[in-house]
Amino acid sequence: MLCLLAWPWWLQAQDSDAGAQAAVETTGGYLQRMDSDGDGRISLAEYQAWMGYGFTRMDRDGDGLLSAAELPGGRGRPITLAAHQAQIAQRFARQDADGDGFLSARELAAPPR
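Shown next as structure tokens:
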């Protein structure tokens, strides 16, 4: 199964739209860009918005479904936006080591759990 949370395609999708969400290279940069309310931590909604950007860019027909043709390489199992957001929520929950419902810079920088 294609993992839509893999960093390389996600960053590539961001790089393709120069003015939108430019790629960043440091944990602090990721935190700052994801933290839309400026509170120094990342909520699930902020994480899903940031991580879902690639899905939105790839969903060329805007139907909320990435068809095989819209996936990298033009193949793979289709995935809905809801299923993608559920995957992101699962990743968020695993990264939220202290279980407070937010990602700190330390949790964000930690290797995927």
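Counting in full-length UniProt numbering, the sequence shown runs from 1 upward without gaps.
For every residue, glycine included, the Cβ atom is placed at its ideal position computed from N, Cα and C.
Taking C-alpha atoms, which residue in the options lies nearest to residue i?
i, options, result
"Tyr53", "Pro78, Gln85, Ile42", "Gln85"
"Ile88", "Ser36, Tyr47, Gly38", "Tyr47"
"Gly101", "Ala45, Arg57, Glu70", "Ala45"
"Met58", "Arg41, Pro78, Gly40", "Pro78"
"Thr26", "Leu108, Ala93, Arg41", "Leu108"
"Phe92", "Gly62, Arg113, Gly76", "Arg113"
Mind checking who residue i pairs with in its DSSP beta bridge?
i, result
"Ile42", "Leu103"
"Leu65", "Thr80"
Our contact map puts residue i next to residue j with C-beta atoms below 8 Å; I'd like the distance itself, whole angstroms only.
i, j, result
"Gln95", "Ala82", "20 Å between Cβ atoms; not a contact."
"residue 118", "Gly28", "Residue 118 lies beyond the stretch modelled for the chain, which goes from 1 to 113, so this question has no answer here."
Work out the CA separation of residue j and residue i for me, nearest whole Å.
i, j, result
"Phe55", "Gly74", "14 Å"
"Leu65", "Leu103", "28 Å"
"Ser67", "Trp50", "21 Å"
"Gln32", "Glu70", "30 Å"
"Arg41", "Thr80", "27 Å"
"Leu5", "Gln90", "Because the pLDDT of Leu5 is 46, which lies under 50, any placement of that residue in the model is unreliable, and the number read from its coordinates should be weighed accordingly. Between Leu5 and Gln90, the C-alpha separation is close to 11 Å."
"Ser36", "Ser43", "9 Å"
"Gly62", "Gly76", "18 Å"
"Pro72", "Arg60", "12 Å"
Where does the unbroken alpha helix (DSSP H) through residue i begin, and where does it stop?
i, result
"Arg33", "27-34"
"Gly54", "53-58"
Can you find a C-beta in chain B that's less than 8 Å from the C-beta of residue i?
i, result
"Asp100", "As a matter of chain content, chain B is missing from the structure shown, which is built from one protein chain."
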